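Enquirer: Residue -18 is where the sequence shown starts when you use my numbering, and the numbers rise one by one after that.
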Amino acid sequence: YLDTSGEALFKRGWRLETGDAPLRENLAAGLLRVAGWKPGMVLLDPMCGSGTILAEAAQMLAGIPPGARRPFAFEKFHGFDGEEWRAIKGSVKPNPLPTTPTIFGSDISGDMIVMTRNNLNKAGILFEVPLKQIEAQAIKPPSETPGIILTNPPYGERIGVRGDSTIETDEMASAFFSAFSTALKQRFAGWSVFLFSADLGLPKLLRLKEARKTPFFNGALECRLFRFDMVAGFNRRDEAKPKQ
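1) Between the C-alpha atoms of Thr150 and Phe108, what's the straight-line distance to the nearest angstrom?
2) Give the straight-line distance between the Cα atoms of Gly91 and Ala(-11), rounded to the nearest whole angstrom.
3) Does the region 5 to 19 come into contact with the region 197 to 211, if we say contact requires no fewer than three beta-carbon pairs (one atom in each stretch) closer than 8 Å?
4) Any chance you could list the beta strand (DSSP E) runs of at least 3 consecutive residues sitting entirely within the region 101 to 125, in chain order?
5) Report buried or exposed for Arg(-7), applying the criterion of at least 16 other Cβ atoms within 10 angstroms of its Cβ.
6) Measuring CB to CB, does Ala164 end up less than 9 Å from Ala119?
7) When you compare each of Leu35, Lys166, Asp180 to Ser135 by their alpha carbons, which one comes out closest?
8) What residue from Pro27, Tyr(-18), Ala16 has the CA that sits closest to Ala117's CA?
9) Sorted by chain position, which residues of the same chain lie with C-beta nearer than 7 Å to Phe53's C-beta, five sequence neighbours on each side aside?
10) Could you check whether the Cβ of Pro47 sits closer than 8 Å to any heavy atom belonging to the ligand GDP?
11) Given Asp210, which residues of its chain have a CB within under 7 Å of its CB, disregarding the five upstream and five downstream residues?
12) Assuming Leu24 contacts Ile129 under a Cβ cut-off of 8 Å, what Cβ separation, rounded to an integer in Å, is found between them?
13) Which whole-angstrom value describes the C-beta separation of Leu101 and Val110, a residue pair presumed to lie in contact below a C-beta threshold of 8 Å?
14) Quick check on Asp88: buried or exposed, where buried means 16 or more other Cβ atoms within 10 Å of its Cβ?
15) Between the Cα of Phe(-9) and those of Trp18, Ala201, Ile34, Pro47, spot the shortest distance and give me the residue it belongs to.
16) Between Ala16, Pro82, Leu112, Ile106, which lies nearest to Ala49 when the distance is taken from Cα to Cα?
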């Protein structure tokens, strides 16, 4: 066979740094599509890690084709016309820069915020993507217009679980997701929340009923993209329930 690509095609060429358990770039793009996000819609990733979801969304908004900033094996073939290839790439015109931010990210780790900023720069993003170092439980809507939350929340060893434990059995994770769920109910009425996780018990941990769950594989790991629709009065209904 003839390898025309070189490195795997999911590698877009912009990722300089990664955190723990990073998403592949093509998986992040697929999650955005399934979530129904389109350029111009408000997007928030409150556990952005090294920024894969944000970078993929920002490139879509900018009109930068996937892989536009990476080399390919065919560029070393005998007879390859570099001038023609540069002309083809140059014919793709970027979208106008947005006048106001619509893509937002945050993370509890300052190191992750720095990584995200570096990756956005490498991805060729010339417009503002506001980033904030903050706990996910403390987030507030970055826009008056409701939008989409899409994030890959930590699980397993990323939040202190050891061995074969799931997030549902871990005390630290239980407290974290309970507080995160409360923040969503109290502050994000009208938003659609998409959480990508390998733990199929995540809705129970959040005490939320998913509107939809879509199967995915992250490498060999079976995952779900859970959708939760935040409606006005959600938290008041929870508070009205009698305690057992």
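Note that CB positions come from ideal geometry on N, CA and C, so glycine has one too.
Note that the structure is a prediction, hence the values are computed from the model and not measured.
Expert: Reading it off the structure:
1) No answer about Thr150 holds up, because its pLDDT of 49 lies below 50 and its placement is not dependable.
2) 30 Å
3) yes
4) 112 to 114
5) buried
6) yes
7) The residue you asked about is not Ser; residue 135 is Pro in the sequence shown. Checking every option, the nearest Cα to that of Pro135 belongs to Asp180.
8) Pro27
9) Thr(-15), Ser(-14), Gly(-13)
10) You won't find the ligand GDP in this model; it holds no ligand whatsoever.
11) Ser173, Ala192
12) 5 Å
13) 6 Å
14) buried
15) Pro47
16) Ile106
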